[in-house]
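Structure, as structure tokens:
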Amino acid sequence: MTFTSDGVALVVGGSGGLGAAIARLLAERGSNVAVTFRANESAGTTTAASCREWGVRSSAYRLDVGSSTDCADVVAKVVEEYGGLHTLVHAAGPHVPIVHLSRVAPDDMARQLADDAGGFFNVVHPALTHLRADGGSIVAVTTAATARYPVRDGLSAGPKGAVEALVRGLAAEEGRFGVRVNAVGPGMLTDGMAARLITSGELSEAALDVTRDNIPLRRFGNARDIAEAVCFLASDAAGFISGQKLDVDGGYTV
Numbered sequence: 004m005t006f007t008s009d010g011v012a013l014v015v016g017g018s019g020g021l022g023a024a025i026a027r028l029l030a031e032r033g034s035n036v037a038v039t040f041r042a043n044e045s046a047g048t049t050t051a052a053s054c055r056e057w058g059v060r061s062s063a064y065r066l067d068v069g070s071s072t073d074c075a076d077v078v079a080k081v082v083e084e085y086g087g088l089h090t091l092v093h094a095a096g097p098h099v100p101i102v103h104l105s106r107v108a109p110d111d112m113a114r115q116l117a118d119d120a121g122g123f124f125n126v127v128h129p130a131l132t133h134l135r136a137d138g139g140s141i142v143a144v145t146t147a148a149t150a151r152y153p154v155r156d157g158l159s160a161g162p163k164g165a166v167e168a169l170v171r172g173l174a175a176e177e178g179r180f181g182v183r184v185n186a187v188g189p190g191m192l193t194d195g196m197a198a199r200l201i202t203s204g205e206l207s208e209a210a211l212d213v214t215r216d217n218i219p220l221r222r223f224g225n226a227r228d229i230a231e232a233v234c235f236l237a238s239d240a241a242g243f244i245s246g247q248k249l250d251v252d253g254g255y256t257v
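This is the structure in structure tokens:
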């Protein structure tokens with residue numbers, strides 16, 4: 004599971020907990036890494052600096068995935084700087100509160116669909132030409148909740164399900180160009196979205212105990228677990244895998 008130093012892996016959302024872990028592991032495995040951030044420039048540049056410690060090139064770019072123009076500009080800058088694009092990882096996403104669907108305002112659902120599915124497509128579209136040239140790979144970080152639905156998680160699971168539908172569609176259409184497209188579905192983690200839900204108090208200790216009991220391994224995962232899965236699917240070791248989703252959830256979805 005190593006990567007050529009030619010070209011670059013672009014990690015959208017590299018300033019977040021999961022994105023940063025993915026970027027660092029890609030660098031550890033030998034890939035140049037470009038990361039994006041939306042507002043937290045310090046986190047983005049810190050991730051890039053930690054990637055460079057592995058002897059690879061790395062830089063950070065401000066990106067609003069809601070703007071198709073912004074996405075096209077950033078992809079073009081990354082390709083120009085690194086000479087090619089072999090991997091696109093989409094790990095961007097704001098904090099999503101847990102709430103019953105009946106209490107989700109339609110405008111909030113529309114906004115989340117635009118942020119998740121629309122944002123994913125905004126980045127993928129300008130990247131496809133470059134990924135085709137390199138026989139590259141796309142990996143979207145979604146959620147295990149699309150396979151086993153936890154009550155009150157619809158505002159996250161619904162839009163992430165739309166991303167997974169795009170993953171399958173892109174895999175079916177882009178395979179003829181040698182482009183592979185897959186997804187990784189995180190379960191409950193001590194990092195990332197789950198960590199924010201725990202810290203915010205939206206999940207009580209009792210709820211956490213119930214959740215843990217629903218996981219066959221009886222524990223939560225971490226960002227490194229997700230990064231390992233993403234790097235595997237992006238690497239040549241997964242060269243005949245496309246259109247698939249790998250849930251990294253301790254067995255939650257069995």
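Throughout the sequence shown, residue numbering follows the numbering used here, covering 4 to 257 in sequence.
A virtual CB, placed ideally from N, CA and C, is assigned to each residue, including glycine.
Please read these numbers as outputs of a predicted model, since none were measured by experiment.
Checklist entry - Under three-state DSSP, which class holds residue 39? => result strand
Next on the checklist: Does residue 203 pass the burial test, meaning 16 or more other C-beta atoms within 10 Å, or should it be called exposed?
Outcome noted: Counting every other CB atom within 10 Å of its CB across the protein chains shown gives residue 203 a total below 16, marking it as exposed.
Checklist entry - So what's residue 64 in DSSP terms, helix, strand or just coil? => result The answer is strand: DSSP assigns residue 64 an E or B state.
Checklist entry - Distance, Cα to Cα, residue 98 vs residue 201? => result 12 Å
Next on the checklist: For residue 93, list the residues DSSP reports as bridge partners.
Outcome noted: 15 and 143
Checklist entry - So, is residue 106 buried or exposed, given that buried needs 16 or more other C-beta atoms within 10 angstroms? => result exposed
Item to check | residue 225 to residue 194 span [Cα, whole Å] | outcome: When rounded, the separation of the alpha-carbon atoms in residue 225 and residue 194 is 6 Å.
Checklist entry - Exposed or buried, which one is residue 132 when buried takes at least 16 other CB atoms within 10 Å? => result exposed
Item to check | Enclosing alpha helix (DSSP H) for residue 116 [first to last residue] | outcome: Its alpha helix (DSSP H) spans residues 109 to 116.
Next on the checklist: Rounded to the nearest angstrom, what separates residue 150 and residue 164 at their Cα positions?
Outcome noted: 9 Å
Checklist entry - Would you report the Cα separation of residue 12 and residue 206, rounded to the nearest angstrom? => result 34 Å
Checklist entry - Roughly how many angstroms lie between the CA atoms of residue 191 and residue 115, to the nearest whole one? => result Each residue's CA atom was taken as its position, placing residue 191 and residue 115 some 20 Å apart.
Next on the checklist: Could you compute how far the alpha carbon of residue 53 sits from the alpha carbon of residue 27?
Outcome noted: 7 Å
Item to check | Reduced DSSP secondary structure (H/G/I, E/B, other) of residue 252 | outcome: coil
Checklist entry - Hey, is residue 58's beta-carbon within less than 8 Å of any beta-carbon in chain B? => result Absence of chain B from the displayed structure is noted, only one protein chain being present.
Checklist entry - If you run the structure through DSSP and keep just helix, strand and coil, what is residue 183? => result In this structure, residue 183 counts as strand in the three-state DSSP scheme.
Next on the checklist: So, under 8 Å CB-CB, residue 229 and residue 144 are touching, yes? Tell me the CB distance rounded to an integer number of Å.
Outcome noted: Indeed, because the Cβ distance is near 7 Å, the residues count as touching under 8 Å.
Item to check | Burial state of residue 219 (16 or more Cβ within 10 Å) | outcome: Taking every protein chain shown into account, the CB of residue 219 has fewer than 16 other CB atoms within 10 angstroms, so this residue is exposed.
Next on the checklist: Measuring straight from C-alpha to C-alpha, what distance separates residue 199 and residue 19?
Outcome noted: 11 Å
Next on the checklist: Bridge partners for residue 224 per DSSP, in chain order?
Outcome noted: Residue pairing of residue 224 in beta bridges, as defined by DSSP: 192.
Next on the checklist: Contact defined as beta carbons within less than 8 Å: I believe residue 232 pairs with residue 257. What is the distance between those atoms, to the nearest angstrom?
Outcome noted: Contact doesn't hold; Cβ gap of about 16 Å is too wide.
Checklist entry - Buried or exposed: which applies to residue 94, given that a residue is buried once 16 or more other Cβ atoms fall within 10 Å of its Cβ? => result Residue 94 comes out buried.
Next on the checklist: Spatial neighbours of residue 246 within its chain, please: C-beta separation below 6 Å, excluding the five flanking residues on both sides.
Outcome noted: Beyond the five residues adjoining it in sequence on each side, residue 246 comes within less than 6 Å, by CB distance, of 171 and 174 in the same chain, given in chain order.
Checklist entry - Where does residue 85 fall in DSSP's three states? => result helix
Checklist entry - Smallest Cα separation from residue 123: which of 241, 23 and 66? => result 66
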